[in-house]
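In the numbering used here, the protein residues as written are 6 to 96.
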């Protein structure tokens, strides 16, 4: 997975996002202040682990990044937008 974080909620969290499409080197870093603490780890481990990422999903979408299910991961706007011109090498 190409989304990693530094910091914990509540408070500022820095997100590092890298495009998972093969050969792409696009990266973005952004900060969000997350005011809600994560749920109790012992009662809800999955949501505890994903708390910060869930808060970032709307912002990631605003940046034009998409998440492809099935292990593909995050793709940057350039990789997720169909080519508007002829394919490379086409005549």
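For each residue, glycine too, the CB sits at the ideal point set by N, CA and C. Values in this document were obtained by computation on a predicted structure and should not be read as measured data.
In three-state DSSP terms, what is residue 82?
-> Residue 82 falls in the helix class under three-state DSSP.
Taking buried to mean at least 16 other C-beta atoms within 10 Å of its own C-beta, is residue 62 buried or exposed?
-> exposed
Given residue 8 as reference, the closest of 17, 18 and 23 once Cα atoms are compared = 23
C-alpha distance - residue 15 paired with residue 55, whole-angstrom precision | When rounded, the separation of the alpha-carbon atoms in residue 15 and residue 55 is 14 Å.
Would you decide whether residue 57 is buried or exposed? Buried here means 16 or more other CB atoms lie within 10 Å of its CB.
-> buried
Buried versus exposed call for residue 79 [16 or more other C-beta atoms within 10 Å across all chains shown] = buried
Do residue 35 and residue 43 have their C-beta atoms closer together than 8 Å?
-> Their beta carbons are not under 8 Å apart, which means residue 35 does not touch residue 43 by this criterion.
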